[in-house]
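Structure, as C-alpha cells:
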Amino acid sequence: MQNDFVLLLDTIIGPRNIFHVMECDICGWNEIYYQHPETKVQIGFACEGCNYVKKFEYLNCM
Numbered sequence: 001m002q003n004d005f006v007l008l009l010d011t012i013i014g015p016r017n018i019f020h021v022m023e024c025d026i027c028g029w030n031e032i033y034y035q036h037p038e039t040k041v042q043i044g045f046a047c048e049g050c051n052y053v054k055k056f057e058y059l060n061c062m
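This is the structure in C-alpha cells:
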C-alpha cells in the first residue's frame with residue numbers, strides 16, 4: 001500500500017520521474033525535483049520531511 005505522501009504526489013504532480021535530489025534546507029531530508037516522463041519538463045518538487053509539494057505552472061506567453 002502506498003503511503004500518504006506518495007498519494008499526495010500522485011494527486012498534485014501526477015506522472016513523474018526524479019530529475020534531481022538535494023538536501024532540504026528546512027528539515028535535512030531529501031528535496032526531490034521531478035520532471036514529466038515524456039516531455040522532460042520540470043514539473044515540481046517535494047520534501048517528505050516537510051510534507052511540502054510544489055507544482056510548477058508554466059504559462060504560454062507567445
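If you read the sequence shown in UniProt numbering, its first letter stands for residue 1, the second for the next number, and so on. Even glycine gets a Cβ: it sits at the ideal position worked out from N, Cα and C.
- The alpha-carbon of residue 38 is positioned some 25 Å away from that of residue 4.
- Annotation: residue 48 to residue 60 spans about 30 Å, alpha carbon to alpha carbon.
- Judged by their CB atoms, residue 34 and residue 12 are not nearer to each other than the 7 Å cut-off.
- In the structure shown, residue 13 adopts coil according to DSSP, grouped into three states.
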